[in-house]
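Residue numbers (my numbering): 713 to 851. Ideal placement from N, C-alpha and C gives every residue a C-beta, glycine not left out. All values reported here derive from a predicted model rather than from experimental measurement. Have a look at the structure below before the remarks.
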Amino acid sequence: MQQSYDMAEKARVYIDGEELPGLVNFGELTMEVSQIEVPEFEITRLIDSGVRKIPAIELTYKIARESKTLNFLQDWFFNHETHDLSKVRVDAGGVEFGRTLFPSCRCVQYNEPAYDAASPTYAQMKIKLAPWDIYPVKA
């Protein structure tokens, strides 16, 4: 069976409409509705409460000396800035097939990875964002 690359995915992230260079990883996004256990005679049922949980978003960026990425991420966290984020999903041909909007994101975690001289890696930054809401948009 020949492998098909037509749905190889790439994610592009735009912050206030501009792409910040160096995106390495966009963490998994799991949306869920809270559940309530309702006991009955000899059985307990799970029902949804109608309350949706808004998960945090984890991003990893590769840092380069000449890029503006490091300064932007530091300002976002240390200056308590709020930014709108858009995740655009494109296939191998660059055609958009999905978009998710994350309005009013606050940076709630700023992580500089540990340094290990025995196994050097590229310079990177990890951040965790708390969006106000999440809106999937159909392409």
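Under the criterion of beta carbons closer than 8 Å, alanine 768 and valine 800 do not qualify as touching, at roughly 20 Å.
Nearest C-alpha to alanine 835 among Glu754, Ile748 and Ser779: Ser779. Judged by DSSP secondary structure, threonine 794 falls outside any alpha helix (DSSP H) and instead within the beta strand (DSSP E) spanning 794-802. Counting along the chain, asparagine 737 sits inside no alpha helix (DSSP H); it lies in the beta strand (DSSP E) bounded by residues 735-738. Excluding its 5 nearest sequence neighbours in each direction, methionine 837 has C-beta neighbours in its own chain below 6 Å: Tyr773, Ile775 and Leu785, listed in chain order. Per the C-alpha coordinates, the member of Trp788, Ala804, Val807 and Lys765 positioned closest to threonine 742 is Lys765.
By the C-beta criterion, the stretch 841-848 is judged not to be in contact with the stretch 747-761, since fewer than 3 inter-stretch pairs fall below 8 Å. When Arg757, Glu730, Arg811 and Thr812 are compared, the shortest CA-CA separation from threonine 781 is found for Glu730.
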